[in-house]
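Peer 1:
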Amino acid sequence: MSLLGFSSYYRQHLKDFAILAKSIYIVCDQQTVFEMTQERMKAYEKIRKVLTQEPLLLMPDPIIPFKLYIDAYGDGLGEALHKVQIIDDKPTEGPVCYI
162 MSLLGFSSYY
172 RQHLKDFAIL
182 AKSIYIVCDQ
192 QTVFEMTQER
202 MKAYEKIRKV
212 LTQEPLLLMP
222 DPIIPFKLYI
232 DAYGDGLGEA
242 LHKVQIIDDK
252 PTEGPVCYI
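At the far end of the sequence shown sits residue 260, using my numbering, and the numbering has no gaps.
Spelled out as structure tokens, the structure:
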């Protein structure tokens, strides 16, 4: 569930996110018994891989200011370090790393 929440934030950067995440979203229903099928495992691994490689992750540049986003809930904590860069004459924010 936490992967879906995290990756949904970056879905604009993830090609075919809805298609990839569909099999995982199905088990979020209260009426569905959780079963990690091979299809769901492949979807999970694909989403995880896309989130942790270029072009999604940006190279850090010490000249450009960073933004740190922190999310904590219950017994979990997650952070993402972002930077703003100019792409097509528009400021675009993207992740440098996840903590």
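Don't be surprised by glycine CBs; every beta carbon is placed ideally from N, CA and C.
Given residue 259, which residues of its chain have a CB within under 6 Å of its CB, disregarding the five upstream and five downstream residues?
Peer 2: The answer, listed in chain order, is 241.
Peer 1: Does the pairing of the stretch 200-207 with the stretch 220-229 give three or more beta-carbon distances under 8 Å?
Peer 2: Touching, no, given that fewer than three Cβ pairs across the two stretches are closer than 8 Å.
Peer 1: Buried or exposed for residue 219, please, with buried defined as at least 16 other CB atoms from any protein chain shown within 10 angstroms of its CB.
Peer 2: Buried, by the Cβ-count rule.
Peer 1: For the stretch 204-240, which segments carrying the beta strand (DSSP E) assignment without a break, of at least 3 residues, lie completely within its bounds, in sequence order?
Peer 2: Within the stretch 204-240, the complete beta strand (DSSP E) runs of at least 3 residues are 227-234.
Peer 1: Which term fits residue 251, buried or exposed, when burial requires 16 or more other beta carbons within 10 angstroms of its beta carbon?
Peer 2: Exposed, by the Cβ-count rule.
Peer 1: Hey, residue 164 and residue 186 are a contact pair by Cβ (cut 8 Å); roughly how many whole angstroms apart?
Peer 2: With a Cβ gap of about 11 Å, residue 164 and residue 186 do not count as contacting.
Peer 1: Give the single residue among 237, 181 and 257 whose Cα lies nearest to the Cα of residue 222.
Peer 2: Minimum Cα distance to residue 222 is reached at 257.
Peer 1: Report the partner residues of residue 254 according to the DSSP bridge assignment.
Peer 2: Its beta-bridge partners are 245.
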